[in-house]
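Each remark here refers to the structure printed beneath this line.
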Amino acid sequence: MPSTPSALDPAIAARLKRSADGLVPAIAQQYDTGEVLMLGWMDDEALHRTLTTGRATYWSRSRREYWVKGDTSGHVQHVKAVALDCDADTVLVKVDQVGAACHTGDRTCFDNDVLPLGR
Numbered sequence: 001m002p003s004t005p006s007a008l009d010p011a012i013a014a015r016l017k018r019s020a021d022g023l024v025p026a027i028a029q030q031y032d033t034g035e036v037l038m039l040g041w042m043d044d045e046a047l048h049r050t051l052t053t054g055r056a057t058y059w060s061r062s063r064r065e066y067w068v069k070g071d072t073s074g075h076v077q078h079v080k081a082v083a084l085d086c087d088a089d090t091v092l093v094k095v096d097q098v099g100a101a102c103h104t105g106d107r108t109c110f111d112n113d114v115l116p117l118g119r
């Protein structure tokens, strides 16, 4: 994780409950249909960038760098709203998704491996 301080509003930063590595899960949801698109990770700076630029920004755990969804793929997430859950340990980012949200090229990350229910 970067060690530089973030410009995130201190009142928001004080509420966040982060993992040991300083991250919170961020669920991306299509704003008008409610479709769950993907899960990413944010630190304070990624959340600040998301709130101030209108583009969903995440922390890549594998590349160890920030990535703005769509900068390389063209599959942009235009942010419509951002909310914290009741425990302030998860971020919900309501977006207008352009193209695929999943790195596999699928619309969502959750439509190809539906598990059977044992009812």
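Residues in the sequence shown are numbered consecutively from 1, following the UniProt record's numbering.
Beta carbons are placed, not taken as given, at the ideal position from N, Cα and C, and that holds for glycine.
What is the rounded straight-line gap between the Cα of residue 34 and the Cα of residue 98?
15 Å
Which runs of the alpha helix (DSSP H) spanning at least 4 residues fall entirely within the region 15–58, listed in chain order?
44–53
Considering only C-alpha positions, which residue in the set 18, 6, 7, 31 is nearest to residue 89?
18
If we ignore side chains and look at the alpha-carbon of each, how far apart do residue 62 and residue 118 end up?
34 Å
From residue 60 to residue 113, what distance separates their C-alpha atoms?
23 Å
Please list, in chain order, all residues of the same chain as residue 40 whose beta carbon is under 7 Å from its beta carbon, the five residues on each side excluded.
26, 28, 58
Using the C-alpha atoms, what's the distance from residue 72 back to residue 94?
21 Å
Quick check on this structure: which residue in 69, 31, 32, 30 has the alpha carbon closest to the alpha carbon of residue 42?
69
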